[in-house]
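Trainee: Going from the sequence shown to our numbering is simple: count from 1 and add 83.
Before I ask anything, here is the structure I am working with.
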Amino acid sequence: MSTDYDIKDLDLAPAGRLRIEWAEREMPVLRHIREQFEREKPRRGVRLSGCLHITTETANLAQTLQAGGADLVLTASNPLSTQDDVAAALVSYNEIPVYGIKGEDGETYYRHIHAALDHAPAITMDDGADLVSTLHKERTELISEVVGGMEETTTGVIRLRAMARDGVLRYPMIAVNDAMTKHFFDNRYGTGQSTMDGVSRSTNVLIAGKTVVVGGYGWCSRGISMRAKGHGANVIITEVDPMRALEAVMDGFRVMPMMEAAPLGDIFITSTGDISVIDRHHFEVMRDGAIVANSGHFNVEINIPALQELAVGPPRRVRPFVDEYALPDGRRINVLAEGRLVNLAAAEGHPSAVMDMSFANQALSAVYILQHADELEPQVYSVPEEIDREIARIKLDAMGVEIDSLTEEQEKYLTSWEAGT
Ligand code: ADE
């Protein structure tokens, strides 16, 4: 067992192992890659530091990378998302140093990130870019050893592109989020299901008949809207992008500014990647009992400090993951999971079947970086299309779904311009 780790309780390991095995059943693509890695060991001895949500799915990715020969450590990518039993199982059974405790404070969170960087990685794997940002700001002495990195999420990719634009990014990054087999499925179906799961588990309120206001209409928000509608909610979308707003309208949703939606909503869910989507002036007009949650990466989408200023005294924890803020006029506003990712804090994150494809992209991108280290510049790259398509192919195969292939005549037709009406 690794002696260097910081987790809640090693005795939770047997429970964690059972749940990791349960997740594995839904991860056939990753299993396929693991078998390939066991044979080929493409990453023998390569040091890898991962800053990801420590979940059963991440455990399966870690085992896959380890099967490929990687020497890896993991740190949490959010203070509330660690599954403590999973962390214990990885330390106990896989000898992977893990740094993450559900509910850790901000100082511990960054101490853990530094511990993962102490591993002196050749490859970084991030979900939200906190590892890469800390490395570039505070641990620059380690950068010369890094060959490349992967980023899992929309917010992280936005941060990396900003670093590349400012000329400060020092090594090549692969934007796993941009793979089609990632964002079409994980962001949409994963976030849709896990967010409604987080809201339901923490509140147990009936969604049917409620007005659910969804902030944003990107891939994650459209998944949430679709699933909220499926539960029977009356869904309102708020957007800043005219194209997305138009799509939301044509998908059958009401679209309006947050200020108009604020007095109408029973449940608010943000997933925009931006700051103060729900702000002081919105709280001022919300209904008594409104429920406010966030599924975007950082806890900045709901302006909780403004709510604290408006409220009479500190919030009351009325249920696990539910903080009730009392306002001077008697209204109560309930914030879920302290405004952090409700799907990971109050539920278990995305189901394994979608993380299967996201993490297949991580595993294969790590190999790609090692194989192409000499050609890659300090820029943000997409996952190569052949990897993306291969993942879709293996997934369909595992699901037992067959598809047609082009006939010679069809292929010719698609590459010619002569034929018309
Ligand atoms: N992000 C969203 N859901 C996740 C999960 N189940 N595991 C790891 N990262 C996630």
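A virtual CB, placed ideally from N, CA and C, is assigned to each residue, including glycine.
Being a predicted model, the structure only gives us computed values, none of them experimental.
(1) Taking the beta strand (DSSP E) that Tyr464 belongs to, which residues open and close that run?
(2) Looking at C-alpha atoms only, which residue of Asp94, Thr158, Arg122 and Asp168 is the closest neighbour of Thr191?
(3) Evaluate contact between the region 332-346 and the region 304-321, counting only Cβ atoms and requiring at least three cross-stretch pairs below 8 Å.
(4) Roughly how many whole angstroms lie between the Cα atoms of Ile374 and Phe268?
(5) What does DSSP give as the partner residues of Asp154 in its beta bridges?
(6) On the three-state DSSP scale, how would you describe Phe381?
(7) Is Glu234 near the ligand ADE - that is, is its Cβ less than 7 Å away from at least one heavy atom of it?
(8) Does the ligand ADE have even one heavy atom less than 7 Å from the beta-carbon of Thr264?
(9) By Cβ distance, which residues of its chain are closer than 6 Å to Pro111, with the 5 residues on each side in sequence left out?
(10) Which residue marks the beginning of the beta strand (DSSP E) containing Val418, and which one marks its end?
(11) Hey, out of Gly281, Arg222 and Asp210, whose CA is closest to Pro403's CA?
(12) Would you tell me roughly how many angstroms separate the C-alpha atoms of Ala456 and Glu228, rounded to the nearest one?
(13) Using CA atoms only, rank isn't needed, just tell me which of Gly186, His266, Gly275 and Ile196 is closest to Gly432.
(14) Is there at least one non-hydrogen atom of the ligand ADE closer than 7 Å to the beta-carbon of Asp210?
(15) Run through the DSSP bridge pairs and tell me what Ala198 is partnered with.
(16) So if DSSP puts Phe351 in a beta bridge, which residue, or which two residues, is it bridged to?
(17) Report the CB separation of Leu479 from Ile486 in whole angstroms; it is logged as a contact under 8 Å.
(18) Label Pro214 either buried or exposed according to how many other C-beta atoms from any shown protein chain fall within 10 Å of its C-beta, with 16 as the threshold for buried.
(19) Which of the three DSSP states, helix, strand or coil, is assigned to Arg305?
(20) Got a sec: does the ligand ADE put a non-hydrogen atom nearer than 7 Å to the Cβ of Met438?
(21) So Ala258 is in the beta strand (DSSP E); what residue range does that whole segment cover?
(22) Nearest by alpha-carbon distance to Glu235: which of Gly298, Tyr464 and Ala203 is it?
(23) Is it buried or exposed for Arg305, if we count other Cβ within 10 angstroms and need 16 for buried?
(24) For the beta strand (DSSP E) containing Gly231, list its first residue and its last residue.
(25) Would you mind reading off the limits of the alpha helix (DSSP H) that contains Asn426?
(26) Within 8 Å, do at least three Cβ pairs link the region 290-308 to the region 371-391?
(27) If you drop the 5 nearest sequence neighbours on each side, which residues of the same chain put their C-beta closer than 7 Å to that of Ala429?
(28) Have a look at Arg472, Thr490 and Thr294 and flag the residue whose alpha-carbon is nearest the alpha-carbon of Gly315.
(29) Where does Leu135 fall in DSSP's three states?
Mentor: Concretely, from the data shown:
(1) Val463 to Ser465
(2) Thr158
(3) yes
(4) 27 Å
(5) Arg130
(6) coil
(7) no
(8) no
(9) Ala481
(10) Arg415 to Leu419
(11) Gly281
(12) 12 Å
(13) Gly275
(14) yes
(15) Bridge partners of Ala198: none, in fact.
(16) Val296 and Val375
(17) 7 Å
(18) Strictly speaking, residue 214 in this sequence is Leu, with Pro absent from that position. Buried, because 16 or more other Cβ atoms sit within 10 Å of the Cβ of Leu214.
(19) helix
(20) yes
(21) Met256 to Ala258
(22) Tyr464
(23) buried
(24) Gly231 to Glu234
(25) Val425 to Ala428
(26) yes
(27) Gly281, Arg284, Ser285, Phe404, Leu419 and Ala420
(28) Thr294
(29) strand
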